[in-house]
Amino acid sequence: MKILMLKITLRASWVMSLKEKRMIIKSIIQRLKNKFNISVAEIDKQDIHKIMVIGISGICGNSAQIDSTYENIINFIEDNTDAEIINIQKEEEIF
Numbered sequence: 878m879k880i881l882m883l884k885i886t887l888r889a890s891w892v893m894s895l896k897e898k899r900m901i902i903k904s905i906i907q908r909l910k911n912k913f914n915i916s917v918a919e920i921d922k923q924d925i926h927k928i929m930v931i932g933i934s935g936i937c938g939n940s941a942q943i944d945s946t947y948e949n950i951i952n953f954i955e956d957n958t959d960a961e962i963i964n965i966q967k968e969e970e971i972f
């Protein structure tokens, strides 16, 4: 069993308020949860309206499944938001 952990930082330069940012981040988080059955939360920079940092974790059976899930998550985020991905930190734990 392997655990996938991601920290993804997005920049949305057009966002003008925290209320607008929260609306966008809630939508992304809910769609990721529904599509991939993973745990997702906003984990940092909650008070900066142009930057969104989300943490993702999921359990996979093997390294190939982790790589596939990782690629699918990144592609899903790129296809479903206008925000630019500026940083991705990937970790993998083995149990």
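Plus 877 on top of the position in the sequence shown (first one is 1) and you've got the numbering used here. The beta-carbon is built from N, C-alpha and C at its ideal position, and this holds for glycine as well. On a predicted model such as this, the values are computed, not experimentally measured, just so you know.
Here A918 carries a strand assignment [DSSP, helix/strand/coil]. For M900, the closest of Q966, D956 and M929 by C-alpha to C-alpha distance is M929. CA-CA distance, I920 to I933, rounds to 9 Å.
When the alpha-carbon of N949 is set against those of R908, S890 and I925, the nearest one is in R908. Per DSSP, T958 lies in no alpha helix (DSSP H) segment and is marked neither H nor E.
In this structure, the beta-carbon distance from T958 to I905 falls below 8 Å. Taking 8 Å as the cut-off, the Cβ atoms of I943 and K896 do not count as close.
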